[in-house]
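What follows is a set of notes on a single structure, which appears directly below.
Protein chains in written order, with my numbering: chain A, 1 to 480; chain B, 1 to 480.
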């Protein structure tokens, strides 16, 4: 029986696949790769199992989830990777902060050198948010010879080229499955499983906070601020939710996916984006009446004119998979020219889904798969982008337009005339009688046929200047 | 400029990423791995690119798709794998058969030795169906030192242990992404992306032919035989569709997934299965009225009592992702204890989706990732199964029951009495008035609460013996 102590003891016992009378024999077979031979007394064959020493930087929600998987379920990595991931160090800013996990003695510290100066630690999961000190720590980890797994999409979206170039120079790897869509393994799927394809379209609901808020607004008849408070109460939104609700978070993820699928080098901040923070309940109701739901959709697709990219609240036809994504779920629809359309749906964030992605990357690092992937993909290298970005004004879409107009006969003719002059063709019009007698303004909803972004924007600007049109025109993309 | 000839010339030019003034310099840097250095004159750095020689056995629908991807889109593998897959040999039974692809001269033959005796060929895709000669050829390929990619699920389901053991003995690898769900990369996802999880549930629509037939029956109001003829006309069903429509094909795929997720060693033929070949239109209509659709669902999930596995026509609540899978699509819902529920939807068969999966495996072989995966997973090894299979009689489900009964008052009481004695609790009853005056029998539909498989089966047998009940009782599983 293993005479382990605390969580590590548990790890060992577990690793023996519950062998009741196993004996542990610690050995070191070379300087860099200590091996523990587990002699499974009750099985016919002795089963030698190597360990890979790993470490964590940061012990927030995701870090705690990763530590739980490593400590409580070491048997899984043994079974799926033929080796044990041994949690050697956890470095945090404040060691005295109360945590809801028992770490083995001696594992926790606030000294990064306990990782960088330990040559036996091979893989480190960097699980702190923000750009600094995350960037500096990642460089220190790479320079001390560690492979790094991260869930920090902002860091990659901002400093990807610098960090990946440095990793390549040093012969190290970076993995980041957890950075996009949490539990949905979209990074591995796009970069490995569809290697034989040219991806032609990616459309995704990449921000769970926004999707939760929009779903609440639609299903609970809440307004934006009520729904946001609910999201914060349930832990689906940060205290400062700006990056989530203004489309920036989705744009950062889209920039990463577009880099994988198209070699795009577009910085996330250059991706045209609109958030859900100005979404009005009225539009959710009109959309519903028209047979659509509004979702924050991130799009990166190839067109004849180039690569089209944007993040927008979008009307999606009911019954289409993206329209039916509820609560804080994420979903991605990928089209490859050989494989056709593939749709993914799952938890895009949260402690254990994200930890699942981090540990899968750590296993890929430990067994050597990630090194191959990292080397062959040459991500964020100096290689040129293969597709030109389509001028956003030339992006073709159907549009939903809503105006608040004076209730008199010539107004629709004026608006239709302006749209016509800009060659924006009307597919359908929804104008109701005034709700209350004496109302002088009424809502006017127009669905267009496919038209260029620029033409509809210019038409809207012209319409907004009409005396009979009140401020607050709404324009949203429509996908079937 | 490359002075290539035919398809291979195209391959080379493409591989240069369309470099206009590139020069090709063929070299051999060691006996086993010929290298071609592509000096990209217009880029700053010379870009050496290795090639991996590959071959195909079989040139049917999928083989032709694979050859197209290799010959016409060599640039993709160059970009995604850092190397070119060079199609060196294609071995078929009949070289004179007309084919809708132009192969480079000298590639096609009917002599397997042109592959087995060529030490430069590293990876072979075995793309013929059936058990023999596929099994013998796979053994010959492994013994001649080739790694083998296959789409032949029957071969794996039947001879997996023998083939995988032999591959391990010889230090070779077998890959089979295309064998289950065609374009959906479910094998890689379960065996790599969810390594940190214990999978707790797999539910899938794994047979596109059956799903097409059932969708046609539901949407076009066709009966089974009309829908089958339509499927055959569109090429979605074989001339002999038995294995597809009787649930065997889905059971073979389920056995493979259950092996990956649970280490199950259950042979596919031991999985309880019912096909769609006796499905009646009436039940589709009743299901619709109750808010369900009928789908052929394959299930492998962990319960307190053990591993539950079966393939059945099943009522799935409308709006749930599995219920909305139409036409010949496949879908899989996987639950991992860390990652939560993940849903996949895509083309489960067809030339290019299947070819996409085959080439992705060939790339994984060529770069060395597959060797690691194969070695660490120890598939179909002598390792024991970790979960006991749950006795099928103890499987708990809700059930849909339909009887044709005489239209008199005591019948429902009798039936309810028998169900009660077997402790099968009724959730709802649907009994309509006779459609035509003078009808002496009426349909009676009962939805049960959760009850054991065995108890409902025994209750049904007892009910079927009642004088007031006509032959042809129907029992189907229900999932919400």
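Ideal placement from N, C-alpha and C gives every residue a C-beta, glycine not left out.
Model, not experiment: these values are computed from the prediction.
Within the region 404-451 of chain A, the runs of alpha helix (DSSP H) that reach at least 4 residues and sit entirely inside it are, in chain order, 410-421. As DSSP reads the structure, residue 333 of chain A sits in a beta bridge with A/203 and A/343.
Residue environment analysis places residue 192 of chain B among the buried positions, since at least 16 neighbouring C-beta atoms fall within 10 angstroms of its C-beta. For residue 298 of chain B, DSSP records a beta bridge to B/204 and B/311. Against residue 341 of chain B, the close residues of chain A are 346, in the order they occur along the chain (beta-carbon pairs closer than 7 angstroms). The beta carbon of residue 399 of chain B sits no closer than 8 angstroms to any beta carbon of chain A. According to DSSP, residue pairing for residue 402 of chain A in a beta bridge involves A/445 and A/474. Per DSSP, the unbroken beta strand (DSSP E) holding residue 125 of chain B starts and ends at 121-126. Taking the CA atoms as reference points, residue 117 of chain A sits about 41 angstroms from residue 334 of chain B. Less than 8 angstroms divides the Cβ of residue 328 of chain B from the Cβ of residue 236 of chain B. The beta carbon of residue 178 of chain A is closer than 6 angstroms to those of 151, 354, 357 and 358 in its chain, skipping five residues each way along the sequence. Going by DSSP, residue 163 of chain B is part of the alpha helix (DSSP H) stretching over 153-170. The beta carbon of residue 318 of chain B sits closer than 7 angstroms to those of 291, 292 and 293, all from its chain and outside the five residues before and after it, given in chain order.
The alpha-carbon separation between residue 391 of chain A and residue 305 of chain A amounts to approximately 8 angstroms.
According to the DSSP assignment, residue 147 of chain B belongs to the beta strand (DSSP E) that extends over 147-150. Inclusion of residue 83 of chain B and residue 52 of chain B in the CB contact set at 8 angstroms is warranted, their separation being smaller than that value. Among the CB atoms of chain B, none fall inside 8 angstroms of the CB of residue 59 of chain A. Listed in chain order, the non-local C-beta contacts of residue 480 of chain B below 6 angstroms within the same chain comprise 317, local neighbours out to five positions each way being set aside. Beta-bridge partners of residue 233 of chain A (DSSP): none assigned. For the options B/378, B/449 and B/398, the alpha carbon positioned closest to that of residue 163 of chain B is the one of B/378. Look at residue 63 of chain B here: in three-state DSSP terms it is helix.
Residue pairing from DSSP leaves residue 214 of chain A without any beta-bridge partner.
A contact is defined here as three or more CB-CB pairs under 8 angstroms, and the region 295-304 of chain B meets this definition with respect to the region 246-260 of chain B.
Judged by DSSP secondary structure, residue 87 of chain B falls within the beta strand (DSSP E) whose first and last residues are 83-91. Residue 303 of chain A is bridged by DSSP to A/306. Interface with chain A (8 angstroms Cβ-Cβ cutoff): residue 198 of chain B is included. Ranking B/113, B/135, B/176 and B/158 by CA distance to the CA of residue 371 of chain B puts B/176 first. Taken atom to atom, the span from the alpha-carbon of residue 217 of chain A to that of residue 275 of chain A is near 15 angstroms. The way I'd put it, the region 124-137 of chain B does touch the region 152-160 of chain B; three or more beta-carbon pairs between them come closer than 8 angstroms. Not a single C-beta of chain A is nearer than 8 angstroms to the C-beta of residue 392 of chain B. At least 8 angstroms separates the CB of residue 456 of chain B from every CB of chain A. Under the 8 angstroms criterion on CB atoms, residue 194 of chain B is classed as interfacial with respect to chain A. For the region 277-297 of chain B, the set of residues with a beta-carbon nearer than 9 angstroms to any beta-carbon of chain A is empty. The closest CA to that of residue 465 of chain A, considering only A/425, A/403 and A/104, is found on A/403. DSSP places residue 455 of chain B in the helix class (H, G or I) of the three-state scheme.
Counting only Cβ-Cβ distances below 8 angstroms, residue 243 of chain B has no contacts in chain A at all, with the closest Cβ about 24 angstroms away.
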